[in-house]
Amino acid sequence: MHFIPDDCWQWQYDKEQDAVILDFNNGSTFTSRFSSKMLIPDAFSSHPFCVDDAALFYQFKETCRSIELDDEQAQQLIINSLIAYRFLKPQMPKSWHFTPRQRSFQPTTGELVLTELTSNNKQALLLVVESNPQASLCIVAQPELLLNSGKSLYLGDAIKIMNDRLMAWQPEQSLLLEKVG
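The numbering used here numbers the first residue of the sequence shown as 425 and each following residue consecutively.
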């Protein structure tokens, strides 16, 4: 990954795309996966890319090094994770798609976790964006995740899951990043 945070970067809302964008101020932008109905009011005004954003950026970037992502996928995962952390409305958990574990796991922000689909017992890889004692907001860290309902989530999509459905991911549990479902 060759992009580095810059104090010229700017968060903006793009009405035409109905999404938050990160303007790199070099003629290029990144458009998030989240529509306006998913965003808090603060997302609809411009904000500089701040020191806290940069710290999270580097935390998520370091996490991405432990999984097989190309530069474009890593950029998508990192920036959508930042946007979810900073601008998403609170979500209700959608844990019924995932198998409960015997013991609850308390992940931390920036940690990779696994969960198991109830429909086919396949594992899914997620990046924790925000965690509390009961549930964690996660970002899909693989190209596609097919849920029980037939709905697909894609790399960079957000889902909140109860912590008793999550387990620690270890690098030796190398997961091929392919469609799961």
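Every residue, glycine too, gets a C-beta built ideally from N, C-alpha and C.
Close Cβ partners of residue i (< 7 angstroms) along its chain, the five nearest in sequence each way excluded
i      : result
ILE502 : PHE481, PHE484, LYS485 and CYS488
TRP435 : VAL444, LEU446, SER470, HIS471 and PHE473
ALA467 : TYR437, VAL444 and PHE511
TYR509 : LEU480, VAL553 and GLU554
LEU463 : VAL444, PHE511, LEU512 and LYS513
LYS439 : none
LEU525 : This sequence places Arg at residue 525; Leu is not what is there. Answer for ARG525: ASP588, ARG589 and MET591, listed in chain order.
For residue i, three-class secondary structure by DSSP
i      : result
LYS608 : In the structure as shown, the chain starts at 425 and stops at 605, and residue 608 therefore has no counterpart that could be examined.
LEU579 : coil
ASP447 : strand
PRO472 : strand
MET586 : strand
Residue span of the beta strand (DSSP E) that contains residue i, given as start and end
i      : result
TRP435 : 434-438
ALA467 : ALA467 -> no beta strand (DSSP E), and no H or E assigned at all.
PHE454 : 453-459
LEU569 : 568-570
ALA592 : 590-592
Buried versus exposed, by CB contacts within 10 Å (16 or more), residue i
i      : result
PHE522 : buried
GLU496 : exposed
GLN441 : exposed
PRO465 : exposed
PRO531 : buried
CYS432 : exposed
ASP494 : exposed
VAL564 : buried
ASN449 : exposed
SER490 : exposed
TRP520 : exposed
Close-in-space but distant-in-sequence residues of the same chain around residue i (CB under 6 angstroms, 5 per side omitted)
i      : result
SER543 : ASN572
LYS518 : ILE583
GLU535 : VAL552
SER528 : ASN587 and ASP588
8 angstroms CB neighbourhood of residue i in its chain, flanking five on each side removed
i      : result
THR533 : LEU480, GLN483, TYR509, VAL552, VAL553, GLU554 and SER555
PHE459 : Note on residue identity: the sequence assigns Ser, not Phe, to residue 459. Taken in chain order, the residues that qualify are ASP442 and ALA443.
To test your reading of the DSSP string, which unbroken beta strand (DSSP E) runs of 3 or more residues are found completely within the segment 485-562?
The segment 485-562 contains these whole beta strand (DSSP E) runs: 536-540 and 547-555.
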